[in-house]
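Under the numbering used here, the residues of the sequence shown are numbered 18 to 533, in order. All C-beta atoms, glycine included, are put in the ideal place defined by N, C-alpha and C. Only a predicted model underlies this, so the values are computations on that prediction, with no experimental measurement involved. Down below is the structure, laid out as structure tokens.
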Amino acid sequence: MKKTFNIAGPCHPNKHYMLPTQERCQGLMQLIEQEQYFVIHAARQSGKTTLLLELAQQLNETGNYYALYCSLETVQGISYAEKGIPAIVDQLELNIELHEQLSSYSFAGQANYSKFTTILIKTLSQFCQQLDKPLVILFDEVDCLENGTLIGFLRQLRNGYVNRNRIPFVHSIALVGMRNIRDYKSDIRDDRETLGSYSPFNIVKASKTLRNFTLGEITQLYAQHTEITEQAFSPDVIQKVYDKTQGQPWLVNAIACEIVEQILEFDVSRKILPTQVEQAVQTIILRRDTHIDSLMERLKEKRVKKIVEPLIVGDSQRYDLLDDDYQYVLDLGLLREKGKHIVPSNPIYGEVIIRTLSFRSQKELDEIIVPNYITDGKLDMKYLLSDFQQFWRENSEVWIKRYQYVEAAPHLTLQAFLQRVINHGGFVTREMASGAGRLDLYVHFQGLNYPIELKIRYGEKTYKEGQEQLVNYMNKLDCAEGWLIVFDKRKTVSWDDKIFWQTKSIAQKTVHLVGC
């Protein structure tokens, strides 16, 4: 069977190109040897399940442990402990029955499921008493649990842990999911229920995460394809993939899969080009695979909006590193820290965030006939942005109310307006960062770049700061002409004063100041 780049489910070495996952999450064997209970959290489709399956196999092959993998995904939505805890016991029993080395042992055979407050600890204790080697359990998808089920699960594991000197119990346990254990309390929706001082699972020794691929690891992964097919990913191609994905494992595999299977149609005699990376990225964005779709669904959550909206407008708001919502969004893999700012985890996520939030606007704008903004092969930015000024003047009051992200409505509407134009032969690249005080973007159309800076007016200083920021951005892009768009949200100012166009020469650059 030919190996492929995997974008669905865990990786298997005989089927997929893959790298050893433990290199991205080190120290697990030491924790297990020390009889520790620990957490592994990482973003969606970054290799968590692959890691657990590899680890379970490795532990079983050593002959020193019985290692059991158990996913709790099927327990999702069962809030009440009297139903949820027995469901967890059933999952354990199923995985034990399918385990080559453990299937001969009895588990939960005479268990009394009505005693849900003790059934988990009792069945595990009785099971461990039978075993001739220590038991290690790797619980996957733990953050699917909620309310009473989550509380009961954690409390019974803690009870077993603290009493291990008196009763047989699990040697080592891993709780694995997208979020760190500190955030599990968000799944307690009834104020009468509580995890107490954050969690009854305060026995956790360590919280590990699974990092993204490095540039070198992407090179190693792609080299496996080259070794089998002789079809090479050049250094330029690999660098472009890294720049677009920042090493996010699913995206790294998805781009390669799209190029090899769809663009080049498995023809290994054809050369892989950097332009195909951009083509693959645009296809992935538009196709909105489950990976992208499920992540973008999070944008509807209030706690995500709280962090993402200031990012879009470049708000200078600072976040407490201990803020649960801040940490939650980072744990999801949606955003990352870069210096003193937070930014989208990678340019692809940044693009999809904007497209997702402005999707309805773009669809409605698509119904309006798009004028021909092209003159002599170039975008006529004066014509295009003047049209937007008029549109914003006539429709802003109504359109702002359509957005969940109200503060970011001006930015999102303009980008939807631009998107319908460049859909016919270009793309937009955005640079978002919290605290930057603006949103930088450039339209790439038929080989030319058009730098644009978006700001909200906060006094006259906004225009001076914006012009300086735009010139710096133009220098970065090596462009001689740029556009600073400033939205004036003051209700006491007339539209005749808000809407204006000024052109200046600053540091030998042509700067257009566009008032909205």
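Going by beta carbon distance, what residues of the same chain come within less than 7 Å of residue i, once the five residues before and after it are set aside?
i: Q525; result: none
i: I417; result: V423, A426
i: Q486; result: R455, E470
i: A240; result: none
i: C145; result: L152, P185, F186, V187
i: Q519; result: L530
Within the continuous alpha helix (DSSP H) that includes residue i, where are the two ends?
i: G165; result: 164-179
i: K322; result: 319-330
i: R437; result: 426-439
i: E485; result: 478-494
i: Q108; result: 98-114
i: S224; result: Per DSSP, S224 belongs to no alpha helix (DSSP H); it is in the beta strand (DSSP E), 223-226.
i: L268; result: 266-274
i: L312; result: 307-314
i: K508; result: K508 -> no alpha helix (DSSP H), and no H or E assigned at all.
i: T7; result: In the structure as shown, the chain starts at 18 and stops at 533, and residue 7 therefore has no counterpart that could be examined.
i: L45; result: 45-50
Return the first residue and the last residue of the beta strand (DSSP E) that residue i is part of.
i: F462; result: 456-462
i: H242; result: Note, H242: premise wrong, no beta strand (DSSP E); alpha helix (DSSP H) at 232-246.
i: Q379; result: Per DSSP, Q379 belongs to no beta strand (DSSP E); it is in the alpha helix (DSSP H), 376-383.
i: N466; result: 465-473
i: C87; result: 83-88
i: I301; result: No beta strand (DSSP E) holds I301; the alpha helix (DSSP H) holding it covers 291-304.
i: T446; result: 443-448
i: L352; result: 352-355
i: I523; result: 517-523
By Cβ distance below 6 Å, which residues in the same chain neighbour residue i in space, the five residues on each side in sequence not counted?
i: F517; result: G532
i: K32; result: none
i: H461; result: G443, F444
i: T91; result: none
i: P364; result: K261
i: A104; result: V92, I95
With DSSP as the reference, identify every bridge partner of residue i, one or two as the case may be.
i: F405; result: BP columns for F405 are empty, so no partner.
i: D397; result: The partner list for D397 (beta bridge, DSSP) is empty, contrary to what the question assumes.
i: I502; result: L471, V531
i: A60; result: BP columns for A60 are empty, so no partner.
i: Q263; result: Its beta-bridge partners do not exist; DSSP assigns none.
i: A191; result: F55, L155
i: P361; result: L352
i: T33; result: Here the sequence assigns His to residue 33, which means Thr is not the residue at that position. DSSP output for H33 lists T21 as bridge partner(s).
i: I417; result: Bridge partners of I417: none, in fact.
i: I391; result: L396
i: K526; result: I523
If the criterion is Cβ atoms closer than 7 Å, does the pair residue i and residue j meet it?
i: L69; j: Y83; result: no
i: I190; j: I168; result: no
i: I235; j: V269; result: yes
i: D310; j: K323; result: no
i: Q432; j: S375; result: yes
i: Q299; j: Q379; result: no
i: V187; j: L152; result: yes
i: T166; j: I95; result: yes
i: N466; j: Y475; result: no
i: K225; j: C28; result: no
i: L238; j: L494; result: no
i: Q108; j: L137; result: no
i: S142; j: I184; result: yes
i: P266; j: S88; result: no
Give me, in chain order, the residues of the same chain whose beta-carbon lies closer than 8 Å to that of residue i; leave out the 5 immediate sequence neighbours on both sides.
i: L349; result: A60, R61, M195, R196, L312, R315, V321
i: N222; result: The amino acid at residue 222 is misidentified as Asn; the sequence shows Lys. So the qualifying residues of the chain are L48, Q51, Q53, Y54, F55.
i: V294; result: V254, K257, V258, K261, I272, I276
i: V325; result: L316, V346, L351, L352, I370, Y422
i: T479; result: K472, I473, V503
For the ligand FMN, I want to know if residue i counts as a neighbour, meaning its beta carbon is within less than 6 Å of at least one of the ligand's heavy atoms.
i: C145; result: For the structure depicted, the ligand FMN is absent and the ligand set is empty, with no information on it obtainable.
### Query
Of all the alpha helix (DSSP H) runs that stay within the bounds of the region 118-145, which reach a length of 4 or more residues?
none
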